[in-house]
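So the sequence shown is numbered by my numbering: it starts at 6 and just counts up by one.
This report concerns only the one structure given below.
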Amino acid sequence: MQAISAWDMGPVVGQLWKAEHDSAPAEPPMDLGEAELNTIGYVVSRYGALTGLDLEHLTHAEDPWQLADRERPRGGSVRIEREWMRDYFRSAAADHEEGEVWFTKEAVARLVTGAAARRHASGRVNPDTREALQARINEARERLTSA
6 MQAISAWDMG PVVGQLWKAE HDSAPAEPPM DLGEAELNTI GYVVSRYGAL TGLDLEHLTH
66 AEDPWQLADR ERPRGGSVRI EREWMRDYFR SAAADHEEGE VWFTKEAVAR LVTGAAARRH
126 ASGRVNPDTR EALQARINEA RERLTSA
């Protein structure tokens, strides 16, 4: 498991940040299973309408980031301990009924329908713009509400 650190704007996986910062975008894997699709559906529906600042405020309100931030100098970083994350997410999981299905396979499939074709049609992977992301969020919302 890669280390996660508290930075000024929230939690960061340093190795991932460096890889994203220093290299061209990686080709995403094409074969997504039900678990991956469920994760994507959950993330889009729960966080897709939020701004970067909204997401920053959410992460700053969570215990693991706050615990690490107490020791962090401005502009610096401090490791978020795995035990803090484990305890936080175990507590959060207790708020949901065991076995509760948040998304059906069909709902998630509707969210990602045509993704491979759109990617191949472009001929390359382009960095997202705010406008493109907002359009996709609106499209996903429409598909979810019309189902």
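Glycine residues also receive a C-beta, built at the ideal position from the N, C-alpha and C atoms.
Just so we're clear, the structure is a prediction, and the values are computed from it rather than from any experiment.
Output the boundary residues of the beta strand (DSSP E) element that contains residue i.
i, result
"Gly2", "Residue 2 is absent from the model: the chain starts at 6 and stops at 152."
"Arg84", "83–85"
"Ala11", "9–12"
For residue i and residue j, what's the separation of their Cα atoms in angstroms?
i, j, result
"Ser67", "Arg75", "One detail in the question is off: residue 67 reads as Glu in this sequence, not Ser. Rounded to whole angstroms, Glu67 to Arg75 spans 13 Å at the Cα level."
"Arg51", "Ala145", "12 Å"
"Glu111", "Gly81", "43 Å"
"Arg95", "Asp59", "23 Å"
"His26", "Leu42", "26 Å"
"Gly38", "Val83", "34 Å"
"Glu88", "Ala140", "38 Å"
"Leu149", "Ala97", "25 Å"
"Glu32", "Ala24", "13 Å"
"Thr44", "Ala29", "25 Å"
Assign residue i to one of two classes, buried (16 or more other C-beta atoms within 10 Å of its C-beta) or exposed (fewer than that).
i, result
"Val48", "exposed"
"Trp22", "exposed"
"Ala5", "Past the edges of the chain, shown from 6 to 152, lies residue 5, and the structure says nothing about it."
"Gly46", "buried"
"Ala11", "buried"
Check each candidate in the options and name the one with the smallest Cα separation from residue i.
i, options, result
"Pro78", "Glu147, Leu60, Met14", "Met14"
"Ile85", "Ala97, Ser96, His65", "His65"
"Val17", "Ala40, Glu39, Pro69", "Pro69"
"Ile9", "Ala137, Arg91, Glu136", "Arg91"
If I measure Cβ to Cβ from residue i and keep anything under 6 Å in the same chain, skipping five residues before and after, which residues do I get?
i, result
"Gln20", "Gln7"
In the DSSP assignment, find the alpha helix (DSSP H) that holds residue i and state where it starts and stops.
i, result
"Arg77", "Neither: Arg77 is in no alpha helix (DSSP H) and is coded neither H nor E."
"Ala40", "39–52"
"Glu155", "No answer is possible for residue 155: the residues shown for the chain start at 6 and end at 152."
Among the residues of its own chain, which have a CB less than 8 Å from the CB of residue i, if the five just before and after it don't count?
i, result
"Ile142", "Val49, Gly53, Ala54"
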